[in-house]
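Shown next, in structure tokens, is the structure this report addresses.
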Amino acid sequence: MVFLVASLAVAAFLLGFHLAGVLPAASRAIATARSATGAMRNPALDDLAREKAAQKAGLSLLGSFASIALRSAAALAVSFVPILLADAMGLVDAGATTAFLLRWDVILGASAVMIAAWLVVRRR
């Protein structure tokens, strides 16, 4: 039962990660960083223009960090719903499920499955 609840928690995290828009937020941050790098390397810009571009990008990246952190926290919070529901229903102790999810072999296995699933979906 612990494995089932843990699997549901991982699935809930992935759903929350998707619905919270973590990847699009991270993509925007990467685009901002690339744009700033391009501005810094642009020989047509003077030092003042480069400095303004760097400052604008820096502020944008700070906002992106906050956005990604909050979105990730929301996804993590969603993952606790199956764990807490199973505990409240008396199916499995939340501590046992959490301890299972924190084992290094489970973390590696879940990561491998998620990466494999991402590669399969990406190729479609």
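If you want the working numbering, it's the position in the sequence shown, counting the first as 1, plus 412. Just so you know, even glycine gets a beta-carbon here, dropped at the ideal spot from N, CA and C.
Assumed close pair residue i, residue j - CB separation to whole angstroms, cut-off 8 Å
i           : j           : result
residue 504 : residue 417 : 5 Å
residue 427 : residue 490 : 7 Å
residue 495 : residue 506 : 5 Å
residue 460 : residue 451 : Wrong, their Cβ atoms sit about 12 Å apart, outside the cutoff.
residue 483 : residue 522 : With a Cβ gap of about 20 Å, residue 483 and residue 522 do not count as contacting.
Outcome for residue i when other beta-carbon atoms lying within 10 angstroms are tallied against a minimum of 16
i           : result
residue 439 : exposed
residue 513 : buried
residue 415 : exposed
residue 449 : exposed
residue 481 : exposed
residue 498 : buried
Cβ pair residue i, residue j closer than 8 Å
i           : j           : result
residue 432 : residue 486 : yes
residue 445 : residue 469 : yes
Nearest neighbour of residue i, chosen from the options [CA to CA]
i           : options            : result
residue 425 : 534, 455, 526, 532 : 526
residue 423 : 536, 529, 534      : 529
residue 430 : 536, 488, 509      : 488
residue 413 : 517, 447, 501      : 501
Note to self: Quick check: the segment 468–484 against the segment 440–450, are at least 3 beta-carbon pairs closer than 8 Å?
What the structure shows: yes
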